[in-house]
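Participant: Quick one: this structure, given as structure tokens, is what I'll be asking you about.
Protein chains: 2
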Amino acid sequence: MTRAILIFTALIIFLLSVFKLGHYAYFSRNISNELVLAIIAVVFLVIGIYLNKKSLHKKPIPPKHINTQRIIQLGLSKRECEVLREISLGLSNKEIAEKLFVSESTIKTHVSNILVKLDAKRRTQAIKKAREFQIIPL
Amino acid sequence: MTRAILIFTALIIFLLSVFKLGHYAYFSRNISNELVLAIIAVVFLVIGIYLNKKSLHKKPIPPKHINTQRIIQLGLSKRECEVLREISLGLSNKEIAEKLFVSESTIKTHVSNILVKLDAKRRTQAIKKAREFQIIPL
DNA sequence: ATGGGACTCATACTAAAGTACTAAATTGTT
DNA sequence: AACAATTTAGTACTTTAGTATGAGTCCCAT
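Below is the structure:
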């Protein structure tokens, strides 16, 4: 958010500078007028594409946006989200433990907490709810 | 691709038209010069956003209907597909048994067969593969 | 009518999953 | 530094999931 404001401020300053240049340096000449127009067009075309890319998919690979708002509402921690994602990939507790370099006991604790927070009885139900809540990719 | 070329051609024509207008109508006035610049900037910003949105929105693959072709390939029976769907809804074997009015043993048999046919070790992995194969709704 | 496929059910077993605690180390914030 | 939240890990236990095997019933097609 703050970054977006900064970028916009920079853009406005840049725009004003170009206007100034158009005024002082190329006041009487008409050829340069067109050049300024063209530059403005191209620059803003690029800016438009850039802005949209930033706003639409922040991370390149998962096109679908995860609902961070709901993750906070549910009180899911960072690690729990990680475990939840691995569950959705069909891994067992043991496999998740090996993948994340922790013990199986730890994963069991995480899973239990996830089930409580998602109000699910089983990990399969947790997957279903996580999909509905859009808190896991794909 | 062809559509993109057409759009670009239209844009170039539009740009040239604006140039012409800038030449004939607002030749001597400097105030309107800035106005034209501003319009160009806004228009191309919008165009940039629009173009990017078009290219990005094509990405999400429409899951649409279930792939009956693959179900046949995998050799999944009608009942097995039914059980698979219930698994994806997060139900336990017991719950599925009650829902389909059969014993839990029957469901266990079905699940085992499903796992073999989908080459999955767990029901969670079966869900993941079933999604990829598009043989379950949503 | 015979055979094959699908569906059903059972038993006995092993392997995961999940619960209910307790507790230490880590991390971030005030 | 003090505090809360997170992450880690353990034990002991219950429940669910999954495997292996065998067997009975039904329906459909050759």
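From first to last, the protein sequence lines stand for chains A and B. Take the first sequence: its position 47, counting from 1, is numbered 310 in our numbering, and each next residue is one higher. Take the second sequence: its position 97, counting from 1, is numbered 360 in our numbering, and each next residue is one higher. Cβ atoms here follow ideal geometry from the backbone N, Cα and C, with glycine treated the same way. All figures in this text were calculated on a predicted structure; none of them were measured in a lab.
Using a cut-off of 7 Å between C-beta atoms, extract the partners of B:Gln215 located in chain A.
Facilitator: Because chain B here runs from 264 to 401, residue 215 of chain B falls outside it and cannot be looked at.
Participant: CB A:Pro400 to CB A:Arg342, shorter than 8 Å?
Facilitator: Within the first sequence, numbered from 1, the residue matching residue 400 of chain A stands at position 137. Within the first sequence, numbered from 1, the residue matching residue 342 of chain A stands at position 79. No. Outside cutoff.
Participant: Could one say the Cβ of B:Ala383 lies closer than 8 Å to chain A's Cβ atoms, at least one of them?
Facilitator: To locate residue 383 of chain B, count along the second sequence from 1; it is residue 120. It does: the Cβ of B:Ala383 has a partner Cβ on chain A nearer than 8 Å.
Participant: To which residues of the same chain is A:Ala360 closer than 8 Å at the C-beta, ignoring the five residues directly before and after it?
Facilitator: The residue you call residue 360 of chain A lines up with position 97 of the first sequence. Around A:Ala360: Ser366, Glu367, Thr369 and Ile370.
Participant: Along chain B, which residues have their Cβ under 8 Å away from the Cβ of A:Lys234?
Facilitator: In the structure as shown, chain A starts at 264 and stops at 401, and residue 234 of chain A therefore has no counterpart that could be examined.
Participant: Ordered along the chain, which non-local residues of its own chain (more than five positions away) have a Cβ less than 7 Å from that of A:Ile334?
Facilitator: Here residue 334 of chain A corresponds to residue number 71 of the first sequence, with the count starting at 1. Cβ within range, chain order: Cys344 and Ile398.
Participant: Excluding the 5 residues flanking A:Lys392 on each side, which residues of the same chain have their C-beta closer than 6 Å to its C-beta?
Facilitator: For the purposes of this step, residue 392 of chain A is identified with residue 129 of the first sequence, where counting begins at 1. Correct list, in chain order: Leu381 and Ala383.
Participant: Sorted by chain position, which residues of the same chain lie with C-beta nearer than 8 Å to B:Ile329's C-beta, five sequence neighbours on each side aside?
Facilitator: By 1-based counting over the second sequence, the position of residue 329 of chain B is 66. Taken in chain order, the residues that qualify are Gln397, Ile398, Ile399 and Pro400.
Participant: Starting from B:Lys362, trace the alpha helix (DSSP H) both ways and give me its first and last residue.
Facilitator: Counting from 1 along the second sequence, the entry for residue 362 of chain B is found at position 99. Asn356 to Lys362 is the extent of the alpha helix (DSSP H) around B:Lys362.
Participant: Please report the straight-line C-alpha distance between A:His320 and B:Gln332, rounded to a whole angstrom.
Facilitator: Taking the first residue of the first sequence as position 1, residue 320 of chain A is located at position 57. Taking the first residue of the second sequence as position 1, residue 332 of chain B is located at position 69. Only weak support exists for where A:His320 lies, its pLDDT of 49 falling under 50; the value from the coordinates is given anyway. Near 33 Å, if we compare the C-alpha coordinates of B:Gln332 and A:His320.
Participant: Helix, strand or coil: how does DSSP classify A:Gln336 here?
Facilitator: Taking the first residue of the first sequence as position 1, residue 336 of chain A is located at position 73. In this structure, A:Gln336 counts as helix in the three-state DSSP scheme.
Participant: Going by other Cβ atoms of all chains shown within 10 Å of its Cβ, with 16 needed for buried, is A:Gly403 buried or exposed?
Facilitator: Past the boundaries of the shown model lies residue 403 of chain A; chain A is included only from 264 to 401, so the question cannot be answered.
Participant: Going by alpha carbons, who is nearest to A:Val374 out of A:Leu337, A:Gly338 and A:Asn356?
Facilitator: Here residue 374 of chain A is taken as the residue at index 111 of the first sequence, counted from 1. Cα-wise, what sits closest to A:Val374 is A:Asn356.
Participant: Which one of A:Val346, A:Gln388, A:Ser340 and A:Asn376 has the shortest CA to CA distance from A:Phe364?
Facilitator: Within the first sequence, the letter at position 101 stands for residue 364 of chain A. Nearest option by C-alpha distance: A:Val346.
Participant: Could you tell me the alpha carbon to alpha carbon distance between A:Ile422 and A:Glu395, rounded to whole angstroms?
Facilitator: The requested residue 422 of chain A does not occur in the structure, where chain A is confined to residues 264 to 401.
Participant: Assign B:Asn330 to one of three DSSP states: helix, strand, or coil.
Facilitator: As a working note, residue 330 of chain B is residue 67 in the second sequence. Reduced to three states, the DSSP call for B:Asn330 is coil.
Participant: According to DSSP, simplified to helix, strand and coil, what is A:Val379?
Facilitator: Start at 1 with the first residue of the first sequence, and residue 379 of chain A comes out as number 116. Here A:Val379 sits in helix by DSSP.
Participant: Checking 8 Å against the spacing of the C-beta atoms, do A:Thr387 and B:Ile377 come in under that value?
Facilitator: By one-based count along the first sequence, residue 387 of chain A stands at place 124. By one-based count along the second sequence, residue 377 of chain B stands at place 114. It is not a contact, given that the beta carbons lie outside the stated cut-off.
Participant: With H, G and I counted as helix, E and B as strand and the rest as coil, what does DSSP make of B:Lys371?
Facilitator: Against the second sequence, residue 371 of chain B aligns to sequence position 108. Residue state, collapsed to three classes: helix.
Participant: Going along the chain, which residues of its own chain have a beta-carbon closer than 8 Å to the beta-carbon of B:Arg385, five neighbours each way excluded?
Facilitator: Here the question's residue 385 of chain B lines up with position 122 in the second sequence. Excluding residues within five positions, the ones whose Cβ falls inside 8 Å are Leu378.
Participant: Suppose the cutoff is 7 Å on Cβ atoms and the five residues either side in sequence are ignored; what does the same chain contact list for A:Gly338 look like?
Facilitator: In the first sequence, counting from the first residue as 1, residue 338 of chain A sits at position 75. Here the set comprises Lys380.
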